[in-house]
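Asker: Structure below; questions to follow.
Protein chains in written order, with this note's numbering: chain A, 6 to 119; chain B, 2 to 115.
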């Protein structure tokens, strides 16, 4: 069965620090990959997605992610975090050609200290 | 567009009572998803529909849970009878059909069963 692993449960950074959140998935076929963000008390919103093409994907608010097929990874990065990036981040995957149901990781909580 | 609409936003009920959660997807979206989010288990897919037809309900925890989608603009998730362990935030999401389309999440219903 497909699964998504997010390595860090809680990450604490100071403002202006660089961020990298790990995401690995287990599925041998072709996949679509997503990162969602959930700000405190709010619903999930899409940060970025990868379907094909350039494996380096740029999303909103300065976030980017790199798909490395050989490593089954889709890590999220941001060169300089802000206090407003404090949120929970979810990696998700579905199978190419599927009907759209996503498998989510358990999430990584990011706390940015001002 | 109003986005995905869920009601109620908060529900507090006593054990044994019936609970009905409601969702209105974004107009034109063919797929609808119900998720449950808890601290312990993270975000879990309960059931999803394509064109009002339930496709996969393997995530529904027990027979106490049921979901319907009588038309393209309305879905319900019912718990009868409710139990304290059902306390969670329940999210509804919708998307266009197909794995390459992002899911748009509603604001969620926070359910507390005492």
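For each residue, glycine too, the CB sits at the ideal point set by N, CA and C. Note that the coordinates shown come from a computational prediction; the quantities given were computed from them, not determined experimentally.
(1) Suppose you measure from the CA of residue 7 of chain A to the CA of residue 75 of chain B; what does that come to, to the nearest Å?
(2) Quick one: which residues of the region 88-108 of chain A get their C-beta closer than 7 Å to a C-beta of chain B? List them in chain order.
(3) Provide the residue(s) that pair with residue 37 of chain B in DSSP beta bridges, ordered along the chain.
(4) Looking at chain B, which residues of the region 71-89 of chain A have a Cβ within less than 9 Å of any of its Cβ atoms?
(5) Please name the residues in the region 21-40 of chain A whose beta-carbon is closer than 7 Å to at least one beta-carbon of chain B, in chain order.
(6) With 8 Å as the threshold, decide whether the Cβ of residue 112 of chain B is near any Cβ in chain A.
(7) For the beta strand (DSSP E) containing residue 5 of chain B, name the first residue and the last one.
(8) Are the C-beta of residue 108 of chain B and some C-beta of chain A separated by less than 8 Å?
(9) Residue 63 of chain A to residue 96 of chain A, Cα distance in whole Å?
(10) Any C-beta of chain A sitting closer than 8 Å to the C-beta of residue 17 of chain B?
(11) How many Å lie between residue 18 of chain B and residue 83 of chain B at the Cα?
(12) Please list the residues of the region 47-70 of chain A that have a C-beta atom closer than 8 Å to any C-beta atom in chain B, keeping them in chain order.
(13) Can you tell which of A:39, A:70 and A:91 has its C-alpha closest to the C-alpha of residue 81 of chain A?
(14) Determine the contact status of residue 53 of chain B and residue 68 of chain B, defining contact as a CB-CB distance below 8 Å.
(15) For residue 60 of chain A, which residues of its own chain have a beta-carbon under 8 Å away from its beta-carbon, when the five flanking residues on both sides are left out?
(16) Residue 111 of chain A versus chain B: which residues are under 7 Å apart at the beta carbon?
(17) Should the region 53-65 of chain B be regarded as contacting the region 77-95 of chain B, the criterion being three or more beta carbon pairs within less than 8 Å?
(18) Buried or exposed: which applies to residue 88 of chain A, given that a residue is buried once 16 or more other Cβ atoms fall within 10 Å of its Cβ?
(19) Could you compute how far the alpha carbon of residue 19 of chain A sits from the alpha carbon of residue 92 of chain A?
(20) In the DSSP assignment, what are the bridge partners of residue 40 of chain A?
Answerer: In brief:
(1) Here the question's residue 7 of chain A lines up with position 2 in the first chain. Here the question's residue 75 of chain B lines up with position 74 in the second chain. When rounded, the distance between both Cα atoms is 29 Å.
(2) Per Cβ criterion, the list reads 95, 99, 100, 101, 102, 103, 104, 105, 106 and 107.
(3) For the purposes of this step, residue 37 of chain B is taken as residue 36 along the second chain, with counting starting at 1. Under DSSP, residue 37 of chain B shares a beta bridge with B:45 and B:91.
(4) Along the region 71-89 of chain A, there is no position whose C-beta sits under 9 Å from a C-beta of chain B.
(5) Of all residues in the region 21-40 of chain A, 37 and 39 have a Cβ within less than 7 Å of some Cβ in chain B.
(6) Along the second chain, one-based indexing puts residue 112 of chain B at 111. No Cβ of chain A is located within less than 8 Å of the beta carbon of residue 112 of chain B.
(7) Start at 1 with the first residue of the second chain, and residue 5 of chain B comes out as number 4. No residue range can be given for residue 5 of chain B, since it is assigned to no beta strand (DSSP E) and is classified by DSSP as neither H nor E.
(8) In the second chain, the residue the question calls residue 108 of chain B occupies position 107. Residue 108 of chain B counts as touching chain A.
(9) As a working note, residue 63 of chain A is residue 58 in the first chain. As a working note, residue 96 of chain A is residue 91 in the first chain. Cα to Cα, the separation comes out at about 15 Å.
(10) On the second chain, position 16 is the one that residue 17 of chain B refers to. So, not an interface residue.
(11) One-based indexing of the second chain puts residue 18 of chain B at position 17. One-based indexing of the second chain puts residue 83 of chain B at position 82. The alpha-carbon atoms of residue 18 of chain B and residue 83 of chain B are separated by roughly 6 Å.
(12) Within the region 47-70 of chain A, the qualifying residues are 47, 48, 49, 50, 51, 54 and 56.
(13) The residue you call residue 81 of chain A lines up with position 76 of the first chain. Ranking A:39, A:70 and A:91 by Cα distance to residue 81 of chain A puts A:70 first.
(14) For the purposes of this step, residue 53 of chain B is identified with residue 52 of the second chain, where counting begins at 1. For the purposes of this step, residue 68 of chain B is identified with residue 67 of the second chain, where counting begins at 1. No, the Cβ-Cβ distance between residue 53 of chain B and residue 68 of chain B is not below 8 Å.
(15) Translated into the one-based positions of the first chain, residue 60 of chain A becomes position 55. Cβ within range, chain order: 71, 72, 73 and 74.
(16) Reading the first chain from its first residue, position 106 is the one you call residue 111 of chain A. For residue 111 of chain A, the chain B residues whose Cβ falls inside 7 Å of its Cβ are 43, in order along the chain.
(17) Touching, yes, given that three or more Cβ pairs across the two stretches are closer than 8 Å.
(18) Your numbering for residue 88 of chain A matches position 83 in the first chain. Classification for residue 88 of chain A: exposed.
(19) Walking along the first chain from the start, residue 19 of chain A turns up at place 14. Walking along the first chain from the start, residue 92 of chain A turns up at place 87. Taking the straight line joining both Cα atoms gives about 14 Å.
(20) Taking the first chain and counting its residues from 1, one reaches residue 40 of chain A at position 35. In the DSSP output, where bridge partners are listed per residue, residue 40 of chain A has A:53 and A:96.
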